[in-house]
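Shown next, in structure tokens, is the structure this report addresses.
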Amino acid sequence: MTKLTVVMSGFDPYDGVEVNPSLIVPRTLAAQGVAGNPDDYDDPLHDVDVTIRSVILPVSFGSAWPQLEAVLEREHPDIVIATGLKRAARGILLERCAENLKDAEKPDADNVIPERGPIDESGPAAYWTGLPLRAILQAFARDNIPATLSSDAGTYVCNALFYHLENWASRQDKALAGFVNLPLVNEQPHPQHGLPLDQQVTAARDVVRQSARYFLGAVKSPSLLP
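So the sequence shown is numbered by my numbering: it starts at 5 and just counts up by one.
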């Protein structure tokens with residue numbers, strides 16, 4: 005049986021956010037898994053053992069990436085999916101690009117506002133996501149999950165983590181990595197802002213399944229770039 009290891013990260017509670025999907029969704033998916041149907045031989049994951057490890061990170065420029073990197077060095081994952089929270093989002097945001105820029109207007113969890121400038125002085129201006137966005141969007145459409153593409157993850161901790169993650173992925177023999185921003189949890193019927201938690205868990209499962217299929221060569225559609 006083929007085995008895949010997926011690391012899914014989220015963040016500690018945010019100020020003013022009672023229910024943080026970026027904390028709950030990775031933990032829920034790690035507990036529930038994304039097993040394929042062993043009786044459906046058309047399912048590329050029917051004989052694949054997908055193990056999901058969740059890690060919750062501080063909203064910190066100085067600590068988030070070192071903590072995630074330590075997990076990656078221990079787990080040697082095939083796929084890494086980082087998640088964050090976008091309070092103003094209507095649905096799921098698939099981030100396409102990590103910019104080599106930190107530019108914060110508010111302090112992080114360490115009460116630090118870093119000096120504006122590049123994340124990596126010698127690094128490229130940006131990295132593209134490694135996730136198969138086209139296949140993910142198609143899965144979202146089948147599951148009626150509102151989603152959109154996002155040009156970048158901003159210039160705060162989410163973007164810095166995304167940039168470091170893609171830099172790490174670029175040095176691996178074979179690894180996929182990307183960043184997904186989740187909206188606020190809203191359990192109202194047909195919400196105009198945010199999504200129910202169960203829909204967000206389903207969305208994360210779609211991201212993992214499509215990324216696993218792409219990793220195994222079962223999905224040929226490339227990421228959606230500019």
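Even glycine gets a Cβ: it sits at the ideal position worked out from N, Cα and C. Just so we're clear, the structure is a prediction, and the values are computed from it rather than from any experiment.
Query, Result
"Three-state secondary structure (DSSP) of R57", "strand"
"Option in Q176, H197, G20, T87 with minimal Cα separation from L33", "T87"
"Member of N104, D202, I117 whose CA lies at the smallest distance from the CA of N148", "D202"
"Status (buried if at least 16 other CB within 10 Å, exposed otherwise) for E99", "buried"
"Through-space distance from P30 to D19, alpha-carbon basis", "19 Å"
"For L169 and L220, the rounded distance between their alpha carbons", "21 Å"
"Where the alpha helix (DSSP H) through N185 begins and ends", "Per DSSP, N185 belongs to no alpha helix (DSSP H); it is in the beta strand (DSSP E), 180-186."
"Inter-stretch contact at 8 Å, needing at least 3 Cβ pairs: the segment 78-92 / the segment 180-191", "yes"
"Test item: CB-CB of L8 and A143 under 8 Å", "no"
"Burial state of A145, where buried means 16 or more other Cβ atoms lie within 10 Å", "exposed"
"Close-in-space but distant-in-sequence residues of the same chain around M5 (CB under 6 Å, 5 per side omitted)", "D51, D53"
"Beta-carbon spacing of P17, Q204 below 8 Å", "no"
"Beta-carbon gap between Y160 and E103 smaller than 8 Å", "no"
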